[in-house]
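Quick note on numbering: the sequence shown equals residues 1 to 469 in full-length UniProt numbering.
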Amino acid sequence: MAAKTKYVLGIDLGTSSIKATLLEIKSKWSHARYSEQTSASIQSENHNFAIQDPDKILKTLERVLFKFERKDLENVTKISICGQMHGCMFWKKDYLFTLLQTRGKDDGIHLDKESVSSLITWEDRRCTDGFLSSLPNPSTNIPISTGYGCASIFWLTRNKPGFLDKFDCSGTVMDFVVSMFCCSLRCGIMSSHNAVSWGYYDNLNKRWELESLQAAEFPVHLLPNVYEPGTIVGLLFTDYCGIPKGTPVGAALGDFHCSMYACQQNKTDAVLNIGTSSQFAILAPVNHQLSVDENESCEAWQMWPYFKGDQVMVAASLHGGNVITHFAETVKSWMEELKIQEIPNTETIYKNLLASADSMTTLAIRPTIWGERHSTNLTGMVSNILSGNTSLGDITAAICQGMLANLHEMLPGERSRRCGVKRIVGTGRALVQNDLMQELVKQVWGLPLVLCKENDASLGAALAVLECN
1 MAAKTKYVLG IDLGTSSIKA TLLEIKSKWS HARYSEQTSA SIQSENHNFA
51 IQDPDKILKT LERVLFKFER KDLENVTKIS ICGQMHGCMF WKKDYLFTLL
101 QTRGKDDGIH LDKESVSSLI TWEDRRCTDG FLSSLPNPST NIPISTGYGC
151 ASIFWLTRNK PGFLDKFDCS GTVMDFVVSM FCCSLRCGIM SSHNAVSWGY
201 YDNLNKRWEL ESLQAAEFPV HLLPNVYEPG TIVGLLFTDY CGIPKGTPVG
251 AALGDFHCSM YACQQNKTDA VLNIGTSSQF AILAPVNHQL SVDENESCEA
301 WQMWPYFKGD QVMVAASLHG GNVITHFAET VKSWMEELKI QEIPNTETIY
351 KNLLASADSM TTLAIRPTIW GERHSTNLTG MVSNILSGNT SLGDITAAIC
401 QGMLANLHEM LPGERSRRCG VKRIVGTGRA LVQNDLMQEL VKQVWGLPLV
451 LCKENDASLG AALAVLECN
């Protein structure tokens, strides 16, 4: 009798969608993958708030998992979850013990809103510059920013007194799912990927900056225990969507780290991801000292923990495909204002805008409409408007040109070459579906570009827990 094929399940809980991959252990090939949009955003009267409904995220996750063959899920030997970094949510640990057990057979999980909070995402802008300046200065090279977990917790402590009192656990949405899967866990758990993304975590010394946080009356009892990426932190508490009880579960990982892990073939590869936001990353060994030119600022890039003790130098922009989506929504609103009867949906407009941007333009757009973490007051700008460069194709092309110019300014190509980078591996829908942007990448960084179309963060999460623990 032939041996059963064994799999690792990789899950990516993204900002707008959930993806899952079954990785065949022996061949390390993707056996099957599925995805679905979450539509989890919660509308708020305050336009600076960016929150999502974890209940919708979990229901989407279950729909994605049910797309797999049950016989394949029954042969899953490990689960690895990654997803949107920086965000935070809160829950009661005792509630998790009954959550999976009371899951409905037909309608899945229903979260009690008194026991589980909404998710404050990385796009949240409630923490103003004035508020951030009142917080302790981190001892690491990563400044605190709005949308970071610790900043959001500080804001809740000072602006919603008593809100956090009913909760005893916190984490990213991925950490919540890991805790739910392994509901014997007595406290929150996260990997160093997500701890660093929250702020106030010293990865060199593997500890939260408790002294400065306590002095500022931060609720340090909510801080999760931190583990190395790839660590198995628990076992699946009960059968779930066909996955057997007792399946090992890894600490939740950062989505960009997993995208990079899935795509990078050589240590001399830089990875450029243009998804909802965008990141450009270069691998650097631990304790590698990077000299900074006299006229060069290092505020725009940061050192993040990676896998197997390595670190990555990352320029992380708040702007990526979300800018094109915003423009698509704007075009749709213009069509509504013009009383056009048959208006396509935003996704169709998005695709048509990318298709229209087939050549470079003299129009100049700086699309930094949400600022950047290192320059929160940065605004967008349009210049060099001429009579012949205002088509939708010109505007979309100018957005793409400006997006890449902004990212290159954060981490220039010359620094990449000094770090030994030989080529760029590109990933993310806004890049792999746009020929013009691909040509622009090669011009802007002066390096060859290789596209990574199939290997996404869910695959990287599966590979990481297989190879890094």
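We put the beta carbon where it would ideally sit given N, CA and C, even for glycine. Predicted model, so just to flag it, every value in this text is computed and none were measured.
Boundaries of the alpha helix (DSSP H) in which residue i is found, first to last residue
i	result
K442	D435 to W445
F90	It is not in any alpha helix (DSSP H) - F90 instead sits in the beta strand (DSSP E) that spans M89 to W91.
R158	G149 to N159
L204	Segment: none, L204 is in no alpha helix (DSSP H) and carries neither H nor E.
E409	L392 to M410
L132	D129 to S133
F97	L96 to L99
K71	R70 to L73
R462	The residue you asked about is not Arg; residue 462 is Ala in the sequence shown. A462 -> alpha helix (DSSP H) spans A457 to E467.
Separation of residue j from residue i, as counted between CA atoms
i	j	result
V444	S145	28 Å
A464	V331	40 Å
Y261	V8	15 Å
H31	I11	14 Å
R158	D94	26 Å
S278	A315	8 Å
S27	I340	53 Å
E294	G147	Caution applies to E294, whose pLDDT of 39 falls short of 50 and renders its modelled position unreliable; the model cannot decide the point.
S139	T247	38 Å
S234	L96	Here residue 234 is Gly; the residue named in the question, Ser, does not match the sequence. Going by the C-alpha atoms only, they are around 14 Å apart.
A151	A3	50 Å
G188	L222	8 Å
L378	H319	12 Å
V286	K206	Residue placement at V286 is poorly supported in this model, since its pLDDT is 49, which falls under 50; the coordinates still yield a value, given next. Between V286 and K206, the C-alpha separation is close to 14 Å.
G254	D269	19 Å
S197	T361	36 Å
V382	A364	6 Å
P161	F167	13 Å
L61	N384	46 Å
S80	H193	14 Å
N203	A40	31 Å
E123	K422	33 Å
K19	H408	29 Å
According to DSSP, residues forming a beta bridge with residue i
i	result
G426	L272 and L451
M190	V226
I120	I51 and C88
R33	T21
Q311	A284 and P305
Q43	DSSP lists no partner for Q43.
E372	S375
S278	I274 and S317
L253	C82
Y7	E24 and V76
Reference residue i; option with closest CA among the options
i	options	result
K78	I109, L338, L404 and I232	I232
T5	T15, L23, K19 and T427	L23
M437	A397, T268 and V271	A397
A195	G149, C183, L236 and P161	G149
N406	V382, F176 and R366	R366
I90	D165, K422 and S333	Position check: residue 90 holds Phe in this sequence, whereas Ile was assumed. Here the closest residue by C-alpha is D165.
L241	T361, V64, T427 and G428	For clarity, residue 241 is Cys in the given sequence; the question names Leu instead. Residue V64 is the option with its Cα nearest to C241.
D239	L272, T376 and G108	G108
S191	W29, C82 and E372	C82
S259	A328, Q84 and Y200	Q84
W304	E336, T98 and L283	L283
N352	G393, I18 and L404	G393
Helix, strand or coil at residue i [DSSP, three-state]
i	result
I385	coil
S317	strand
E62	helix
F218	coil
Q265	coil
K78	strand
C258	helix
M360	coil
S115	coil
D12	strand
I365	strand
R418	helix
E294	Reliability of the predicted coordinates at E294 is poor, the pLDDT of 39 falling under 50, and the value obtained from them is presented with this limitation in mind. Looking at E294 - three-state DSSP - the assignment turns out to be coil, as it is neither helix nor strand.
I232	strand
I144	coil
G108	strand
G242	coil
residue 472	As displayed, the chain neither begins before 1 nor continues past 469, which places residue 472 out of reach and without an answer.
Cβ-heavy atom distance, residue i to the ligand HEM, below 6 Å
i	result
A284	Absent from the structure shown: the ligand HEM. Ligands present: none.
Terminal residues of the beta strand (DSSP E) in which residue i lies
i	result
G250	P248 to G250
C169	C169 to G171
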